[in-house]
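Participant: Per my numbering, the sequence shown starts with residue 306, numbered consecutively.
Quick reminder that beta carbons are idealized off the backbone N, C-alpha and C, glycines included.
Bear in mind the structure is a predicted one, so any value in this text is a computation, not a measurement.
Structure in C-alpha cells, see below.
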Amino acid sequence: MKKLEDKNYQIIGHPRLVRLNPNIPWKTRGNGAVSINLENGDPKKIKEIIEEFIDKYARFDDKKTNPGFVILKGQPSFDIYEKSVKGIVTLEETEQLLDSLGAVYKGYKNKRGLIGATASIAWSPKHDKTYELIAYREKNRWGTKRQVDSSSVKKINESFSSTFDNFDYENDHNRLVPSSPCPVLYGIRGENIDDLIQASFVVKSEKVESWIIFETNQGTDEHLQRRNINKIAPYQSVITEGVVTKIPYTIEGGHVIFSIKDSTGEIDCAAYEPTKQFREIIRELIPGDKIEVYGGVRKKPLTINLEKINTKHLEKQVEKVENPVCPKCGKHMKSKGTGQGYKCKKCGTKSEKPLVKERKRNIKTGFYEVPVCARRHLSKPLKRMEP
Ligand SMILES: [Zn+2]
C-alpha cells in the first residue's frame, strides 16, 4: 500500500483480510488473502509494481507458499467467496473465471494463491465483519523473539470490551502475538476502529514500525453451513444438531471423541488435545443429550473437529442408591443378578427398579466454546453471539 501510495494511487477504504476454508489440507497456515481497493489505475502498470514487490518479499523457499495476485476492475460474484470459505475451489475454475472477467493476474509455483486472491476481492462485508489492527516489526527484528508485554494485553482485554481473542487467561497465552517468524508484531481484533486504535496505545511492546487496520471476515462463522448428518462432507465446516449416542472417551494424545445422530445418520465429533479445557465440558456429555455442534470436517475418519457446542437438552442422569424396598415387608429386596431385577427374600415380591437419585449435571444448556488459544480465525466468539 505504501508503494502504491508513493506512486500516487488512491486507496479506498480499509485493506481487507479475508480468511478462507480452514479445513483445506493444502492451504497455508492461516489461509488468508488480502485485497485493496484502488480508485483508479492501469492494471498493467499496477502489475509491474506488485510483481517487483512479490519478487523481493515472497518466501518462495517455503514449501507451502504459493502466492498469486489478481487485479480486477469490479468485484466478482459474492458466490465465489462463499464457495472459497465453505467448500473447495479449483485453480482451473479460478483461471477460467479470471479470463472471463478480463483480469490481470499472475500465480507463482503451484499458483493456488490465485484462488484466495480472487476470493478476497469477491468478499463483501454485507453480512458481517470485524476489524484487525495489525502492527508490524522493524525489519531488523524479523524472525527474533517478539517483545509484547502480556499484562498490557490483559489490560486492553479488560478495558476495551469491543475487542476479542486477546488473551487466554486459562492457558496463559498471549493471542495478540503470532507464532510464525513473519513481520507482524501483533494483531488486535475487534468491532470498533476507534477502540482498536486506543487499545494499540495501551499495548507495551518493542517498537512498532507501522500499523494498519484491516476489515475482515474473522470471527464471523462465515465458514459454517447447516447440514443434516448424512449431507456432511469432508473439508466443510458445519453446524449440525443431534443426540449424543456414545459416552465421550479419550484416545491417545488426549483427544476426546463421541458421536451424535439425527434422523439421517450418525457422525463422530472430536475435541482435540489443543482445545484444552473444552475437553472437560465434552467429557460431561452423556447419551441422550441433544446438542448442536459447530466445527470443521476431517476426512479420515469422518469427524467433526469441534469449535463450539450448544447444548439444547441435557438428559436426566440417575444413579442407583440402593435396592428397592418391599412394599409389604418394608425390607430391602435382593438382586437376582445383573439386569434381572429384585426379589423380596421373605414374601417373594418382585421389582424391576432400584431406588435411584438424580445426579447433578456439571454442565448447563447453552453454548460452550474452545479457549482463545485454540480459536480459529473464522470462528465467531460467543462474545459476539450474545444479543
Ligand atoms: Zn416382602
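With a threshold of 7 Å (Cβ to nearest heavy atom), would E641 be considered close to ligand 1?
Facilitator: Checking the displayed sequence, the identity of residue 641 turns out to be Lys instead of Glu. K641: no, Cβ never under 7 Å from ligand 1.
Participant: Is there a Cβ of chain B sitting closer than 8 Å to that of Q523, yes or no?
Facilitator: Judged by its chain identifiers, the structure shown contains no chain B, having just a single protein chain.
Participant: Using DSSP with H/G/I as helix, E/B as strand and the rest coil, what is S485?
Facilitator: coil
Participant: When you compare the CB positions of N615 and I587, do they come within less than 8 Å of one another, or not?
Facilitator: no
Participant: Which same chain residues end up closer than 7 Å to E443 when comparing Cβ atoms and leaving out the 5 residues on each side of it in sequence?
Facilitator: Hits under 7 Å: K512, E514.
Participant: Thinking T571 and T550 are a contact (beta carbons under 8 Å), I'd like their distance in whole angstroms, please.
Facilitator: First, the amino acid is wrong: residue 571 is Glu here, not Thr. At roughly 6 Å, the Cβ-Cβ gap stays under 8 Å, so E571 and T550 are in contact.
Participant: Please enumerate, following chain order, all residues with a beta carbon closer than 6 Å to at least one heavy atom belonging to ligand 1.
Facilitator: The set, ordered by position in the chain, is C631, K633, C634, C649, K651, C652, T654.
Participant: Between the beta-carbon of T545 and the beta-carbon of N535, is there less than 8 Å?
Facilitator: no
Participant: Can at least three beta-carbon pairs, one atom from the stretch 633-649 and one from the stretch 580-594, be found at a separation below 8 Å?
Facilitator: no
Participant: Give me the residue from N479, E691, E387 with the minimum Cα distance to R451.
Facilitator: When the alpha-carbon of R451 is set against those of N479, E691, E387, the nearest one is in N479.
Participant: Note down, in chain order, each residue of its chain lying with its Cβ closer than 7 Å to the Cβ of G418, except the 5 sequence neighbours on either side.
Facilitator: N371, P372, G373, G412
Participant: Determine the contact status of N471 and I493, defining contact as a CB-CB distance below 8 Å.
Facilitator: With respect to the 8 Å criterion, N471 and I493 are classified as neighbours on the basis of their beta carbons.
Participant: Would you decide whether V626 is buried or exposed? Buried here means 16 or more other CB atoms lie within 10 Å of its CB.
Facilitator: Classification for V626: exposed.
Participant: What is the rounded straight-line gap between the Cα of F506 and the Cα of V482?
Facilitator: For F506 and V482, the distance between alpha carbons rounds to 16 Å.
Participant: Considering only the beta carbon of each residue, do K414 and F365 sit closer than 8 Å?
Facilitator: yes
Participant: Tell me which residue opens and which closes the alpha helix (DSSP H) that S505 is part of.
Facilitator: 498-507
Participant: Under the DSSP definition of a beta bridge, which residues are partnered with G495?
Facilitator: Y436, T468
Participant: Mark N342 as exposed unless 16 or more other C-beta atoms lie within 10 angstroms of its C-beta, in which case mark it buried.
Facilitator: exposed
Participant: So, helix, strand or coil for D360, using DSSP?
Facilitator: If DSSP states are grouped into helix, strand and coil, D360 belongs with the helices.
Participant: How about K581 and P676: are their beta carbons less than 8 Å apart?
Facilitator: yes
Participant: On the three-state DSSP scale, how would you describe N445?
Facilitator: helix
Participant: Using a Cβ-Cβ cutoff of less than 6 Å, which residues in the same chain neighbour A408 once the five nearest sequence positions on both sides are dropped?
Facilitator: V375, L377
Participant: Excluding five sequence neighbours on each side, which residues of the same chain lie with their C-beta closer than 8 Å to the C-beta of Q380?
Facilitator: I426, A427, S429
Participant: Where do the N-terminal and C-terminal ends of the beta strand (DSSP E) with F383 fall, by residue?
Facilitator: That residue, F383, is in no beta strand (DSSP E); its alpha helix (DSSP H) goes 383-391.
Participant: Relative to the C-alpha of K621, which residue among N328, M690, V508, L590 is closest?
Facilitator: The residue among N328, M690, V508, L590 with its C-alpha nearest the C-alpha of K621 is L590.
Participant: CA-CA distance, Y436 and F519?
Facilitator: 6 Å
Participant: If you follow the beta strand (DSSP E) that E254 is part of, which residue opens it and which one closes it?
Facilitator: Outside the shown range of the chain (306 to 692) lies residue 254, about which nothing can therefore be said.
Participant: Quick check on the burial criterion: 16 or more other C-beta atoms within 10 angstroms. Buried or exposed for G524?
Facilitator: buried
Participant: Skipping 5 residues on each side, what residues in its chain have a beta carbon closer than 6 Å to that of G558?
Facilitator: E578
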